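In order, the protein sequence lines correspond to chains A and B.
Residue 177 in this note's numbering sits at position 177 of the first sequence, with consecutive numbering throughout.
Throughout, this note's numbering is defined as the position within the second sequence, counted from one, plus 1000.
Backbone N, C-alpha and C define an ideal beta-carbon position, used for all residues, glycine too.
Note that the structure is predicted; figures quoted are calculated from it, not measured.
2 protein chains.
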Amino acid sequence: MELTERKLRILQAIVADFISSAEPVGSRTLSKKYGMGISPATIRNEMSDLEEQGYLTHPHTSAGRVPSDRAYRLYVDRLMDRFELSKDEKRSISEQLAGNILELDKTIEHAANILSEITNLTSFAITPKQDENRIKYINILPADESTVVIMIVAESGKVKNTVLKLRAPYHEDSLSLLSKAMTYNYKGKTISDILTMDIIRNFETDIEAMNRLAESIMPNFLKTLESMLDINLYLDGLTNIFSIPEYNNLEKAKLFLEMINQRKNFTEVLVNRDEGVIITIGAENKEDLMQDCSLITATYHINGKLVGKLGVIGPTRMKYDKVTSVIEYITDNLSRSFELP
Amino acid sequence: MELTERKLRILQAIVADFISSAEPVGSRTLSKKYGMGISPATIRNEMSDLEEQGYLTHPHTSAGRVPSDRAYRLYVDRLMDRFELSKDEKRSISEQLAGNILELDKTIEHAANILSEITNLTSFAITPKQDENRIKYINILPADESTVVIMIVAESGKVKNTVLKLRAPYHEDSLSLLSKAMTYNYKGKTISDILTMDIIRNFETDIEAMNRLAESIMPNFLKTLESMLDINLYLDGLTNIFSIPEYNNLEKAKLFLEMINQRKNFTEVLVNRDEGVIITIGAENKEDLMQDCSLITATYHINGKLVGKLGVIGPTRMKYDKVTSVIEYITDNLSRSFELP
DNA sequence: GCTTAGCACTCGCCAAGCAAGAGTGCTAAC
DNA sequence: GTTAGCACTCTTGCTTGGCGAGTGCTAAGC
Chain A
1 MELTERKLRI LQAIVADFIS SAEPVGSRTL SKKYGMGISP ATIRNEMSDL
51 EEQGYLTHPH TSAGRVPSDR AYRLYVDRLM DRFELSKDEK RSISEQLAGN
101 ILELDKTIEH AANILSEITN LTSFAITPKQ DENRIKYINI LPADESTVVI
151 MIVAESGKVK NTVLKLRAPY HEDSLSLLSK AMTYNYKGKT ISDILTMDII
201 RNFETDIEAM NRLAESIMPN FLKTLESMLD INLYLDGLTN IFSIPEYNNL
251 EKAKLFLEMI NQRKNFTEVL VNRDEGVIIT IGAENKEDLM QDCSLITATY
301 HINGKLVGKL GVIGPTRMKY DKVTSVIEYI TDNLSRSFEL P
Chain B
1001 MELTERKLRI LQAIVADFIS SAEPVGSRTL SKKYGMGISP ATIRNEMSDL
1051 EEQGYLTHPH TSAGRVPSDR AYRLYVDRLM DRFELSKDEK RSISEQLAGN
1101 ILELDKTIEH AANILSEITN LTSFAITPKQ DENRIKYINI LPADESTVVI
1151 MIVAESGKVK NTVLKLRAPY HEDSLSLLSK AMTYNYKGKT ISDILTMDII
1201 RNFETDIEAM NRLAESIMPN FLKTLESMLD INLYLDGLTN IFSIPEYNNL
1251 EKAKLFLEMI NQRKNFTEVL VNRDEGVIIT IGAENKEDLM QDCSLITATY
1301 HINGKLVGKL GVIGPTRMKY DKVTSVIEYI TDNLSRSFEL P
């Protein structure tokens, strides 16, 4: 059976109505509210067909119809109008993001805040994978007689440092020597390359003092380097789910929050998604706990290369048009502000 | 009316029973379970007295008794036994904390994780106030031809840096010169002192290049410095409240989570608490939303000076003995690992 | 042949009513 | 001062019946 023009129109109306009301949509409402020019009875017949085709479900005999995942998919792909953010909204987002570009991570966290604020959903953002980030230089700096700061600067501009107390005092010349040697060795290499290399050996030079220094610094250097690989997950708007009728039930709300609070798993899910704007609806998600959620993610870029992600998660009933627009707008904005000058 | 020995024993039994069962305690239960050697009727009389004195309440006529805030206070101050953690628990905590002392903030976050894990409550930790932290040195380092890294090292070992793209290329000598000048100027000063000083003017030297450099770096330097003052709040075990009978109701759970997610306010509350182990029970808390919560905090020290806090928040019905012991043990452990070597 | 009015039917929801259970408070006896 | 006994109170869980919303089917209309 083909989807006639009229069926599409009805389906669109049902989805739109259900998205905003969260109540099953009845034939009478539809006929009256959306001025379709056909009677409830006709609509009922059409609805019955749509149900047969898997676009609608029926919580129970005497309830209205509810869109299925399939209906949302159709809606997202073909039926929904492109949503244009208002000038004011756009300006507000840009301004808020521009206010805080000092620290990359903070900016990303802030973007997640804005997103949940606007959408009233739970938002998240992850920082880019750093595997492919290349070392620019390494600097070992004196702090006091037995303390040094290991500082690693990557090409993307990411900086990471650790304070390390040495067991023995050091000579300042050895520090700068070691910094140079390490930079020479590692410059241009990716973090993951370095971590798989056999490193300690590389510093068996003639200079005894430097060897000893390298030996005590290396373990911490490696740990620091490893921690540069960590992907940060920022979450916001967690409590927003409490105002969503779908989660008006302790057990569901609990499961939702617990799923998201398994940060490792959740990050993993996000990392594995494709680039660009990706929408997965209900059962399209592989994870058990996401079967009645929709997940929308988009990617932002740093220097056009490293890729982070940002998005929302909520019930399948969400304002796909607006949410998608907002996410797109924010990620575009992020990518632009992370471009090389 | 005085609290007789017997009344105290009864009260203790009621509190202990209610803490573990979350059910109002009846006279019969009490008489049987706690082998008091007196009949339910006698206990009822005593309970009636205790209620009059404000130690017990009565959800309704035909329910058992529930301890009031006052009873918990008495329990905490006089009745509860000191709880000794088992050797295994102690070892496990120490080991987990020792595994990750590379980064101070991570360690503190990790301590909060452990705490919520053990207590099954919502835990939190805040990093120390940095107002009194003194600058050790400032280093402006080259990253590439137009990018520099501003690095600030404080006496506590806290390091903070920002990557800054300059509008014009710089001369490397000016960088080290400026680093030295700034270090000379700020070394030994506290962060808040510097932020209230009128700084830009301090660098009006003869050297033109350095003046220009200082001018473009200063705003970012100040912002970075300011961000060093931020107190980080780590939360964990938020979803634990879902398994607590007191919060077995959407509205309450929601309010609880929203209260805690107002991170600014919540941090403020924590910052304002006294040092040492502090327990506030129910209405002893000033905040509206905490009227039926208890809050336990303890302080840890960095180098014996900077003070951070760690604790739990949960329903007034909590295992005060065990929770207090755990918190104390963890903060002691933290302070010890943050001591100067 | 599509559309529509009419009507019986189904189901969830809510309030009222009822019985069971838990625990108290009081009284009178020990 | 302590305790047994008993009436009383209040919550909880279950059942019942009415109401409203919405459907599905049928038959009539265009």
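Of the candidates A:138, A:319, A:311, the residue whose Cα lies closest to the Cα of residue 328 of chain A is A:311. Residue pairing of residue 1318 of chain B in beta bridges, as defined by DSSP: absent, with no partner found. Straight across, the Cα-Cα distance linking residue 74 of chain A with residue 284 of chain A is about 13 Å. A straight line joining the alpha-carbon of residue 130 of chain A with that of residue 1303 of chain B spans about 34 Å. Relative to the Cα of residue 1192 of chain B, the nearest Cα in the group B:1145, B:1288, B:1133 belongs to B:1133. Residue 1151 of chain B places its beta carbon 8 Å or farther from that of residue 1174 of chain B. Spatial neighbours of residue 1070 of chain B in its own chain (CB-CB distance under 7 Å, excluding positions within 5 residues in sequence) are listed in chain order as 1054, 1055. Taking 8 Å as the upper bound for CB-CB distance, residue 1299 of chain B and residue 1270 of chain B are not in contact here, some 10 Å apart.
Under the three-state reduction of DSSP, residue 1021 of chain B is assigned to helix.
A:11 is the residue among A:37, A:198, A:11, A:83 whose C-alpha sits nearest the C-alpha of residue 48 of chain A. Between the alpha carbons of residue 1236 of chain B and residue 164 of chain A lies a distance of about 28 Å. Residues of the region 228 to 242 of chain A that bring their beta carbon within less than 8 Å of a beta carbon in chain B comprise 238, 239, 242, in sequence order. Residue-level contact check: residue 1022 of chain B does not touch chain A, since none of the beta carbons of chain A fall below 8 Å from its beta carbon.
Within its own chain, the residues whose Cβ lies closer than 7 Å to the Cβ of residue 90 of chain A, once the five positions on either side in sequence are excluded, are 329, listed in chain order.
Looking at the DSSP output, residue 65 of chain A bridges to A:25. The contact set of residue 253 of chain A on chain B, defined by CB atoms closer than 9 Å, consists of 1242, 1250, 1253, 1254 in chain order. Using a Cβ-Cβ cut-off of 8 Å, residue 1261 of chain B is close to 238, 239 of chain A, given in chain order. In terms of beta-carbon proximity, residue 197 of chain A stays away from the interface with chain B, with every pair separated by 8 Å or more. For residue 1136 of chain B, the residues of chain A that pass the 9 Å Cβ criterion are 143, 144, in the order they occur in the chain.
Contacts with chain A at 8 Å (Cβ-Cβ) include residue 1162 of chain B. By alpha-carbon distance to residue 182 of chain A, the top candidate from A:172, A:155, A:217, A:259 is A:217. Remark: three or more beta-carbon pairs, one from each stretch, lie closer than 8 Å, so the region 1308 to 1322 of chain B and the region 1112 to 1124 of chain B are flagged as touching.
For residue 1271 of chain B, the enclosing alpha helix (DSSP H) starts and ends at 1263 to 1271. A distance below 8 Å separates the beta carbons of residue 140 of chain A and residue 148 of chain A. The straight-line gap separating the alpha-carbon atoms of residue 1273 of chain B and residue 1323 of chain B is approximately 18 Å. As the crow flies, the alpha-carbon of residue 1044 of chain B is around 6 Å from that of residue 1027 of chain B. Excluding sequence positions up to five before and after residue 83 of chain A, its CB lies within less than 6 Å of the CB of 321, 322, 325, all in the same chain and listed in chain order. Straight through space, the alpha carbons of residue 1291 of chain B and residue 1305 of chain B are spaced by roughly 32 Å. For residue 1026 of chain B, not one C-beta of chain A is nearer than 8 Å to its own C-beta. Residue 281 of chain A sits in a strand when the DSSP states are folded into three classes. When DSSP states are grouped into helix, strand and coil, residue 134 of chain A belongs to the strand group.
Here DSSP, grouped into helix, strand and coil, assigns residue 1040 of chain B to helix. Between residue 1116 of chain B and residue 1240 of chain B, the gap from beta carbon to beta carbon is short of 8 Å. Annotation: the region 160 to 209 of chain A contains the following complete segments of the alpha helix (DSSP H) (minimum length 4 residues), in chain order: 172 to 186, 191 to 196. Residue-level contact check: residue 1218 of chain B does not touch chain A, since none of the beta carbons of chain A fall below 8 Å from its beta carbon. DSSP places residue 1123 of chain B in the uninterrupted beta strand (DSSP E) bounded by 1122 to 1126.
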